[in-house]
Structure formats: C-alpha cells, structure tokens
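Chains as they are written, first to last, in the numbering used here: chain A, 11 to 211; chain B, 11 to 211.
Worksheet: one structure, shown below.
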DNA sequence: ACCTGAACACCGTTCAAGT
DNA sequence: ACCTGAACACCGTTCAAGT
C-alpha cells in the first residue's frame, strides 16, 4: 500500500500525542509506518517540513474564525482557541513554537493576520499592528508551553506545593494575561491613559 | 591541568557564540577541551544543567539592577537589559528560553522576581503580579528569538524585501511592544479604563 | 577525586540500486 | 514514481577501569 503525505502526518501526530516531541523522530516514525527512514524523504524535504505539517494539523480547530465580534473579543477568542488547540496535543505549544519560528506553519501566519486585523481595528496603526499581534502570539505560546511542561512535572509526580498558585486555575490565569494585552492595545486609543503614558515615551 | 566547572561553561559559551546552539554538543565541547565526553558528566549531571549554567552566564549583564526608578521604568529597563544580554550571544534567546522553561536558570528566576515586584507596584494584586511578570518575559524571549532567527536568515543571504518592515528598527519595535505591556499593567489601576474593560471580564 | 575508553542506544540525511 | 538498504557523520549518557 502506498505511503501518502497525509498518513505520515497522521501517524506523526499520534506519536506526538502518545509519547511527546522527544520521541517524534524520523526513524521511529518510519518504523511505526513499516517503511525505511529514507522513504519519508520522498514526501518531505526534511524533518522541519514534516513538523510544520503536524503543527498545521494541530492548529485546524484554532482556525475557526471568530467573525462578527468586537476587535477585543476577537483577540480573546483567537488566543483562547489557539491555546485550546495547543493543549490538545502533548508538547503542542513547543512544536508549534518551533514551527512558527522557522516560518513553517501556514496556519500561524493566518492567525497572525487575523490578530493584526483586530489590532488595527483596536486603533494600532498599520506599522505596529503586526507587532501587537505577535506580542499576543508570544504570550499564548509562552504561557501554554510553560503550562504543558508543568503538566509533565506533575504527571511525573513532582508536585511542589509551593508552586500551587502557578498550576491552579490556569484558565483564569491565561485570561488575565490576555486581558493585560487587550488593555495595552486599548490604551493606545484611550485619551485618558495617554497622559499617564507620557512617562514611557 | 584539571578541568573546572568554570572552564567548561566558558568554552561552551564560546562555542555558542562561534557556531550556534546546534553545534553546542557535549561531544564537541569535550573535544574542544581535550577531554573525553564522559569527563563532562563528572562536573554536570546532564546537558540541561550545563546549558542552564551557560544561560546564567549570558544573563549576568541583565542582572544589573535598575533601582530608584518608577515601576514602569524598571519594567522597561529590565526588558531592555534582558534583550541586550540575549542578543550578545548567537541563539541566546533560544538557549535562555529552553533553560527557563526547564527551570534551570537561576538568574531568570531573579529577573522574574524583580518584574513581579514592579508589577505589584504598578497596581497588580499579588496573585496576578507573577503572571504579569511572566507575560513580559514571554514577550522579550519571543521577540528576541524571532529577531535572532531573522538575523540568521539575513546572514545566509535570504533577504526578502517584503519583510523589511520586520527587520528595520528592531529597537523601536521592541520598545513599542514593551510599552503595550506596561500600558496593560497600568490599565488595571486607571479608573477611566475600567469602564472600557468590563467587556472582557 | 577525577578522568579515559569503550560501549549502548540512538539520531537526521543521502543516495545508488531496485521495482 | 516510489521505496529499500546501507552507509555517513554524528548524538547524550553510562560505567568499569585506571591514576
């Protein structure tokens, strides 16, 4: 039976979910698909391209466009949907972070574009809207990568109770940070805050 | 001549600067120090511990405390000092990100604590100040990692002029994002903005 | 106490040769 | 067109044995 790009990505996603990113190797993937390692290189140029495809597969649910809402609700909606998508796979945040940094995730580019639109509507000028959007993405990726690595320590049994504040209520904590960013964007159009801002210009 | 922890970290830092994080391997480091790979494991438990030590060495200049300033100036000062420290080494942001995520960088914990203090002074309550501080760190790490990977594409000759907005004025772009976060923190004490915020609660 | 030598169990990638 | 087999050039980590 012929090997197709789709099957490879599907098995890679399963490997990721079951064993984590460290065990998602080209050789192990090939073994699991009952092909030789070289076979994968007929379908993908290199490992990075394969990981990008896995990242985009994980991000499918996050691409559910949040239309017909205020810019701030769209930012919150996109950020929340992105986190949910990342959490649905083991090490999802780490994988997508790497693929995004390498410029290998098309869907992250899409999400970035939607966030940029929202930021523009929020009153950020065109030259800075992209950066505001990226700031949101850095936050979501950083927060979720952190969250997932803590989940793994906890699963390994290393529950330090001094850090319980960091593991409790992750949803509320995530929402708070997102709100901080939305407030920051909103501040750029809020006249009342502009006076306060002049200390930082 | 005996091998000391300090020499290993120094050579590792040099290797990082000269060839990047991909070439910072235990075997290569041992070869460069004229010892066998196993020798390194007498001084460090594993590679992660070694990388943490390198991260902390890179972060020394960022620990220059910014005392006697308003909370907002301290956030901007710490963020800027952190970025400068990361930029001084090839792949510095990637290395420190990994070490921070793994909980292996003491200095990042210190910087986090200073940012948390600043956020508290900025009016964020104790339960959320840590998160606000982390949000700043996620931003600085994300922005700088992005910046450094672009520097490498450019050095490799792949100059896409459509992305010139992203590579030009990185200092100004960085400052803008930092200001966004400071504004977000400030919004929590600004009564005028609280009315605006109620949409997101 | 500190290090060597050698092994163990892996990697990503390439490429002639097969079908 | 699609894949195998085998090689190339590596990894991180462990550990008996040496000094």
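Ideal Cβ positions, reconstructed from N, Cα and C, are used throughout, including at glycine.
Residue 141 (chain B) reaches chain A at 153, 176, 183, 184, 186, 187 and 190, counting residues in chain order whose Cβ is nearer than 9 angstroms. About 30 angstroms separates the beta carbon of residue 76 (chain B) from that of residue 60 (chain B), a gap too long to meet the 8 angstroms contact definition. For residue 197 (chain B), the nearest beta carbon of chain A is closer than 7 angstroms to its own beta carbon. Its chain contains 100, 101, 104 and 105 as the residues whose beta carbon lies nearer than 8 angstroms to that of residue 31 (chain A), once the 5 sequence neighbours on both sides are disregarded; these appear in chain order. Taking the Cα of residue 35 (chain A) as reference, the smallest distance to any Cα among A:127, A:58 and A:162 is reached at A:58.
If you draw a straight line from the Cα of residue 83 (chain B) to the Cα of residue 82 (chain A), it is about 27 angstroms long. Taking 7 angstroms as the CB threshold, residue 159 (chain A) lines the interface with chain B.
The region 178-191 of chain A makes no contact with the region 121-137 of chain A: fewer than 3 CB pairs, one atom from each, lie closer than 8 angstroms. If you check the CB distance, residue 48 (chain A) and residue 148 (chain B) do not come in under 7 angstroms. When the five nearest sequence neighbours on each side are left out, the beta carbons in the same chain lying within less than 8 angstroms of the beta carbon of residue 115 (chain A) are those of 62, 65, 66, 69, 106 and 109, in order along the chain. Taking C-alpha positions only, residue 183 (chain B) is separated from residue 193 (chain B) by approximately 15 angstroms.
Within the region 14-37 of chain A, contact with chain B at the beta-carbon level (separation under 7 angstroms) is assigned to no residue.
Under the Cβ criterion of 7 angstroms, residue 193 (chain A) is counted among the residues facing chain B.
The DSSP-derived three-state label of residue 175 (chain B) is helix. Annotation for residue 69 (chain A): no alpha helix (DSSP H) segment contains it, and DSSP assigns it neither H nor E. Following the DSSP letters along the chain, one finds residue 181 (chain B) inside the alpha helix (DSSP H) bounded by residues 180-197.
Look at the region 120-141 of chain A: the residues with a C-beta under 8 angstroms from a C-beta of chain B are 137, 138, 140 and 141. Interface annotation for the region 98-116 of chain A against chain B: 111, criterion Cβ-Cβ distance under 7 angstroms. The three-state reading of DSSP puts residue 42 (chain B) in helix, counting H, G and I together. Residue 123 (chain A) has its alpha-carbon roughly 39 angstroms from the corresponding atom of residue 24 (chain B). Close to residue 156 (chain B), with beta-carbon spacing below 7 angstroms, are these residues of chain A in chain order: 111. Interface with chain A (7 angstroms Cβ-Cβ cutoff): residue 145 (chain B) is included.
Each residue's CA atom was taken as its position, placing residue 197 (chain B) and residue 140 (chain B) some 17 angstroms apart. Going by C-alpha positions, residue 51 (chain A) is about 14 angstroms away from residue 17 (chain A). Of the other Cβ atoms in all chains shown, 16 or more fall within 10 Å of the Cβ of residue 117 (chain A); this residue is therefore buried. A Cβ-Cβ separation of about 16 angstroms leaves residue 97 (chain A) out of contact with residue 121 (chain A) under the 8 angstroms criterion. If you look at residue 110 (chain B), you'll find it in the alpha helix (DSSP H) that goes 102-111. Within the same chain, and ignoring the five residues on either side of residue 134 (chain A) in sequence, the residues whose Cβ sits closer than 7 angstroms to its Cβ are 142, 195 and 198. For residue 16 (chain A), the enclosing alpha helix (DSSP H) starts and ends at 15-29. If the five residues before and after residue 74 (chain B) are omitted, its C-beta is found closer than 7 angstroms to the C-beta atoms of 91, all from its own chain and listed in chain order. DSSP, reduced to helix, strand and coil, places residue 114 (chain A) outside both helices and strands of the structure shown, so it counts as coil. Taking a 10 Å sphere around the C-beta of residue 158 (chain A), we find 16 or more other C-beta atoms and assign the residue as buried. DSSP places residue 12 (chain A) in the coil class of the three-state scheme, outside both helix and strand.
Shown here, residue 145 (chain B) sits in a helix according to DSSP, grouped into three states. Counting of Cβ neighbours within 10 angstroms places residue 40 (chain A) among the buried residues, the total reaching 16 or more. Cα atoms of residue 71 (chain A) and residue 138 (chain A): separation of roughly 27 angstroms, rounded to the nearest angstrom.
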